[in-house]
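K.L.:
Got a structure for you, questions after.
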Amino acid sequence: MTTTKPEFISTEISLTTSFQDADPMGVIYHGNYFRYFEEARHQLMNKLNYSYREMEASGYVWPIIDTRVKYVKAIPYDHPIRITATMTEWENRLRVDYVIYDGETGARMTKGHTMQVAVGIADREMCFVSPKVFTEKVEAWYANHA
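My numbering runs 22 ahead of the 1-based position in the sequence shown.
Okay, structure coming up:
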């Protein structure tokens, strides 16, 4: 029996969109997509045992420095969706790619990404490589999923 090593660390969440997230046309306001991305990214970081509290305790914050969203199909309120978050870069910066799927049909509705860099809390300096505390967590995840 052979097992293959996962290429990227990924997670998926499901939710039903809320009326309060919709614009007057009854579709999800474009700015709310980032909240959905955030929920999936939060779960992804928890999967690595590097939650926001653990980031802070390790001496780093990870501000978003770049983002992109491609709106493929409008998402109505009170509609089930699935959001995948996949970590595709981590050595020098953290890039997470997202896809939002229709929870009923499986059709892709949106895709996007965010990029973050580590910034030392003590000195407020941006790190040009990801801190060892983070890369060790990624390596540990891969070692446990090989």
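Note that the Cβ used here is the ideal one computed from N, Cα and C, for glycine as well.
1) For Ala79 and Tyr72, I'd like the C-alpha separation in whole angstroms.
2) Return yes when the Cβ of Leu66 is within less than 9 Å of the Cβ of Thr108, no when it is not.
3) Using only the alpha-carbon positions, how far apart do Asp124 and Met47 sit?
4) Once the 5 residues before and after Lys159 are set aside, which same chain residues still bring their CB inside 7 Å of it?
5) Quick one: measure Cβ to Cβ for Thr89 and Thr157, integer angstroms, because I've assumed they're closer than 8 Å.
6) Any idea what DSSP makes of Val160, helix, strand or coil?
7) Which runs of the beta strand (DSSP E) at least 3 residues long sit entirely within the region 109–149? Give them in chain order.
8) By alpha-carbon positions, which one of Ala165, Ile86 and Lys92 ends up nearest to Val141?
9) Whole-angstrom Cβ separation of Ala62 and Thr106, contact assumed at under 8 Å?
P.N.:
A quick look at the data gives this:
1) Whole-angstrom Cα-Cα distance: 10 Å.
2) Thr108 places its beta carbon less than 9 Å from that of Leu66.
3) Spanning the two alpha carbons is a distance of roughly 19 Å.
4) Apart from the 5 residues on each side of it in sequence, Lys159 sits with its Cβ closer than 7 Å to the Cβ of Leu70, Asn71 and Tyr72 in its chain, given in chain order.
5) A Cβ-Cβ separation of about 23 Å leaves Thr89 out of contact with Thr157 under the 8 Å criterion.
6) Three-state DSSP puts Val160 in a helix.
7) Counting only runs of 3 or more, we get 116–124 and 130–138.
8) In terms of CA proximity to Val141, Ile86 leads the group Ala165, Ile86 and Lys92.
9) Right, their Cβ atoms sit about 7 Å apart.
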